[in-house]
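There are 2 protein chains.
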Amino acid sequence: MYEGVVQDLIDELGRLPGVGPKSAQRIAFHLLQADPVDVKRLADVLIEVKEKVKFCSICFNVSEDDQCRICRDPRREQSLICVVEEYKDVVAIERTREFRGRYHVLGGAISPIDGIGPEQLHIRELLMRLGDEAVTEVILATDPNLEGEATATYLTRMLGPLGLRVTRLASGLPVGGDLEYADEVTLGRAFAGRQAAT
Amino acid sequence: MYEGVVQDLIDELGRLPGVGPKSAQRIAFHLLQADPVDVKRLADVLIEVKEKVKFCSICFNVSEDDQCRICRDPRREQSLICVVEEYKDVVAIERTREFRGRYHVLGGAISPIDGIGPEQLHIRELLMRLGDEAVTEVILATDPNLEGEATATYLTRMLGPLGLRVTRLASGLPVGGDLEYADEVTLGRAFAGRQAAT
Chain A
1 MYEGVVQDLI DELGRLPGVG PKSAQRIAFH LLQADPVDVK RLADVLIEVK
51 EKVKFCSICF NVSEDDQCRI CRDPRREQSL ICVVEEYKDV VAIERTREFR
101 GRYHVLGGAI SPIDGIGPEQ LHIRELLMRL GDEAVTEVIL ATDPNLEGEA
151 TATYLTRMLG PLGLRVTRLA SGLPVGGDLE YADEVTLGRA FAGRQAAT
Chain B
199 MYEGVVQDLI DELGRLPGVG PKSAQRIAFH LLQADPVDVK RLADVLIEVK
249 EKVKFCSICF NVSEDDQCRI CRDPRREQSL ICVVEEYKDV VAIERTREFR
299 GRYHVLGGAI SPIDGIGPEQ LHIRELLMRL GDEAVTEVIL ATDPNLEGEA
349 TATYLTRMLG PLGLRVTRLA SGLPVGGDLE YADEVTLGRA FAGRQAAT
């Protein structure tokens, strides 16, 4: 429809997640008018990110070195591992400043419908870490959805025989939410997980 | 918040139109996991589009050559010029296959609020074309909004003394729409522009 390379650009942009054909067109036209220096910077950072960004050889977190900042930090507790699905979960948890241990990034969650089984995730590497390192507690922090729950259940079963403490993040009412708008599963979990008032 | 270059990528993506911080993050994480070949292809096409795509020296349409495909085409009527705001309007009109003349792309519309006056648009170049070329009719096909109307009014006034036929696209009910849902301006224009039933 459009001149050769403009159509190529629209096609490439349209492959990005959440970018439909109309948005791809809109972004392409913006780039056509944009300062070539700005477009070059975007192109460069795309190349750079694929060249520089590796995954930590210990925990599979995103890293510019062989080991990520968190695994290299001697102040982080060696005895605690928090298992998450993705890099963005690490960032979200770091933002809370509540966790001083280390991470293990699975690279997704078990989802038979998408053809992702335990062998596609970094579960074998987690077991190897538990053999090598002085870990006493594994915190399962997968997403509270179907795939995340399945993954946590699978890991609980796998880790059971190792004699570690295996915990899961609390389920309950989100802070700042309204009780009446909570779905029944969340509300049910909030009851099941109730604690002594202090 | 994220490791150096990942944050740079999120920042650059966030500058694109319609890409908010959350979408930028989502796209960045997608690219982190993506095949380097695919990311390279996107980076290459960004560079290529800025290198290759120029603007037609006659009509300011997007073109990979000094003159665009339409201006080079001897079968297009030389006597008709359709004035549009942007390249995407050319594509939209070409899609109808109703117009066999040539275009003039203004590069926007008059919008004092955005600091765009007639001198920021390719209006001077349009007047030069009308002096040189054997044009008998100029069709004003700016957007039917405030800026487009202002631009059309301005051009009508400018072109009046030249003794050309100056026309505007018909305003009226969109085909396939419901009369009851038409806004009053559109419906008013549909009345004003009513034609003999055939």
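Chains as they are written, first to last, in our numbering: chain A, 1 to 198; chain B, 199 to 396.
Idealized CB from N, CA, C, for every residue including glycine.
Given the structure is predicted, the values throughout are model-derived calculations rather than measurements.
What does DSSP give as the partner residues of F253 (chain B) in its beta bridges?
B:V260
Return the residue from the list A:D73, A:I27, A:T136, A:T96 that minimises the CA-CA distance to G160 (chain A).
A:T136
Reference G202 (chain B), options A:G18, A:S23, A:E48, closest by Cα:
A:E48
Measuring CB atoms only, is the stretch 356-373 of chain B touching the stretch 304-312 of chain B, in the sense that at least three cross pairs come out at less than 8 Å?
no
Going along the stretch 215-230 of chain B in order, which residues come within less than 8 Å of chain A, judged by CB to CB distance?
P215, G216, V217, S221, Q223, R224, I225, A226, F227, H228, L229, L230
Am I right that E12 (chain A) and R295 (chain B) are in contact with their C-beta atoms under 8 Å? What's the rounded C-beta distance?
Their Cβ separation, rounded to whole angstroms, is 28 Å, which puts E12 (chain A) and R295 (chain B) out of contact at 8 Å.
Outcome for V37 (chain A) when other beta-carbon atoms lying within 10 angstroms are tallied against a minimum of 16:
exposed
P74 (chain A): which of A:P118, A:S23, A:R100 sits nearest, CA to CA?
A:R100
Between the Cα of S221 (chain B) and those of B:C266, B:D233, B:L207, spot the shortest distance and give me the residue it belongs to.
B:L207
Roughly how many whole angstroms lie between the Cα atoms of V373 (chain B) and C59 (chain A)?
58 Å
Taking the alpha carbon of A226 (chain B) as the reference point, which residue from A:R157, A:I116, A:G18 has its own alpha carbon closest?
A:G18
For L304 (chain B), go through chain A and note every residue whose CB falls closer than 8 Å to its CB, in chain order.
Near L304 (chain B) there are no residues of chain A at all, since even the closest Cβ is about 13 Å away, more than 8 Å.
Q120 (chain A) to N61 (chain A) span [Cα, whole Å]
16 Å
Between A:H30, A:G20, A:G14, A:R15, which has its C-alpha nearest L214 (chain B)'s C-alpha?
A:H30
Residue interval of the beta strand (DSSP E) (run including Y103 (chain A)):
102-105
Tell me whether the beta-carbon of V281 (chain B) lies closer than 8 Å to the beta-carbon of A339 (chain B).
yes
Between the CA atoms of L80 (chain A) and G193 (chain A) - distance to the nearest angstrom
23 Å
From this set, B:T384, B:V288, B:Q231, which residue's C-alpha is nearest V53 (chain A)'s C-alpha?
B:Q231
Near R189 (chain A), what residues of its chain come up, given a Cβ to Cβ distance below 8 Å and the 5 sequence neighbours on each side ignored?
S171, G172
Take the Cβ of G20 (chain A) as the centre, count every other Cβ of all protein chains shown within 10 Å, and call the residue buried at 16 or more, exposed below.
exposed
Looking at the unbroken beta strand (DSSP E) that takes in R355 (chain B), where does it start and where does it end?
Taken as a continuous stretch (DSSP letters only), R355 (chain B) belongs to no beta strand (DSSP E), being part of the alpha helix (DSSP H) at 344-357.
If we define contact as Cβ-Cβ less than 8 Å, is E48 (chain A) a contact residue for chain B?
yes
Note down, in chain order, each residue of its chain lying with its Cβ closer than 6 Å to the Cβ of C68 (chain A), except the 5 sequence neighbours on either side.
C56, N61
Pick out whichever of B:Y285, B:T351, B:D381, B:I314 has its Cα sitting closest to the Cα of H302 (chain B).
B:Y285
Going by the beta-carbon positions, is the gap between T151 (chain A) and L106 (chain A) smaller than 8 Å?
yes
Which listed residue (B:G375, B:P316, B:G346, B:C269) has its alpha carbon closest to that of M356 (chain B)
B:P316
Using a threshold of 7 Å, is the CB atom of D66 (chain A) nearer than that to any non-hydrogen atom of the ligand SAH?
Ligands in the displayed structure: none, and consequently the ligand SAH is not present.
Using three-state DSSP, classify V373 (chain B) as helix, strand or coil.
coil
Between which two residues does the alpha helix (DSSP H) harbouring V135 (chain A) extend?
Where V135 (chain A) is concerned, there is no enclosing alpha helix (DSSP H), given that its DSSP letter is neither H nor E.
At a Cβ threshold of 8 Å, is D8 (chain A) touching chain B?
yes
Tell me, please, which residues DSSP counts as bridged to S309 (chain B).
B:I314
E51 (chain A) classed as buried or exposed, judged by whether at least 16 other C-beta atoms fall within 10 angstroms:
exposed
Taking the C-alpha atoms as reference points, what is the distance between V288 (chain B) and I321 (chain B)?
17 Å
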